[in-house]
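Structure, as structure tokens:
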Amino acid sequence: STGYLDDAINEYYRDSEQLPSVVGLSVDIAAQGLVSCRGILLQTMGGAKPEEIAAIRSLTVISLRKLAAMTDDLSRLQSELEKLLGLTLKEVERRELKSFCSCSQDR
């Protein structure tokens, strides 16, 4: 174990989920504290071709951390991903990320 959260998540996907998946996290910390925290998760979908699976598995955590740092510029991120994977990507869906909790004081 390296102490990096993305390494632990990658280990989990590899050993438990057995899905072709890779995760990279980027955390920026300054003197005043946490500046930003970003992540990227790539997983194959059903029907993925062997070369697509191999392309995702070939990515390193270091390259994924660099990609995670680009998540504020989606067109740049897509361009860099396409270069790294040697694939043309298609956006399937875009949604705003929301957090919620159905917890109550009683629970």
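All the letters of the sequence shown, read from the start, carry residue numbers 13 to 119 under the numbering used here. The beta carbon of each residue, even a glycine, is placed where N, CA and C say it ideally should be.
Residue 43 counts as exposed, since fewer than 16 other beta carbons sit within 10 angstroms of its beta carbon. Contact between the region 35 to 53 and the region 78 to 95 is present: 3 or more CB-CB pairs across the two stretches fall below 8 Å.
Scanning 61, 75, 113 for the CA closest to the CA of residue 99 turns up 61. Taking 4 residues as the shortest admissible run, the region 50 to 111 contains the following complete alpha helix (DSSP H) segments, listed from N- to C-terminal end: 62 to 69, 73 to 80, 86 to 97. In this structure, residue 34 and residue 71 form a Cβ contact; the two beta carbons are roughly 5 Å apart against a cut-off of 8 Å. For residue 42, the enclosing beta strand (DSSP E) starts and ends at 33 to 42.
By the neighbour-count criterion, in which 16 or more other beta carbons inside 10 Å mark a residue as buried, residue 59 falls on the exposed side.
When the five nearest sequence neighbours on each side are left out, the beta carbons in the same chain lying within less than 7 Å of the beta carbon of residue 94 are those of 100, 101, in order along the chain.
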